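Single-structure report; data block below.
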Amino acid sequence: MNWQALTALATATVVLGTFMQWSVRAIIRQELEPVRRDITVLRTAVFNHLRHGEAFTEHTIRERLGYE
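In my numbering, each residue carries its 1-based index in the sequence shown increased by 927.
Listed below in structure tokens is the structure:
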């Protein structure tokens with residue numbers, strides 16, 4: 928194998944690796960978006976309760992999470 932073939936192989940490997948990394952990140956982002964939304968709702972409920980004494984009922988939290 929000469930250096931040109933090795934360079935081409937290395938370049939192809941980098942391109943394939945970059946594509947695989949990009950696609951895996953996109954899938955992870957897509958799958959975790961609902962979880963991020965749920966965490967934001969729960970974090971807001973806890974913050975409002977601790978900061979302002981505002982307590983959401985379980986029903987309200989379930990509605991905001993989209994479970995009811």
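Ideal placement from N, C-alpha and C gives every residue a C-beta, glycine not left out. Keep in mind the model is a prediction, meaning the values are calculated, not measured.
Keeping to the same chain, check which residues put their C-beta closer than 7 Å to that of residue i; ignore five residues upstream and five downstream.
i    : result
T938 : none
So the alpha helix (DSSP H) residue i belongs to, where does it begin and stop?
i    : result
A982 : Taken as a continuous stretch (DSSP letters only), A982 belongs to no alpha helix (DSSP H), as it is neither H nor E.
Residues in its own chain within less than 6 Å of residue i by CB, not counting five upstream and five downstream?
i    : result
H976 : A982
A972 : F983, I988
*Is there contact between the segment 949–968 and the segment 986–993, where contact requires at least three CB pairs shorter than 8 Å?*
Contact between the segment 949–968 and the segment 986–993 is present, because at least three Cβ pairs lie under 8 Å.
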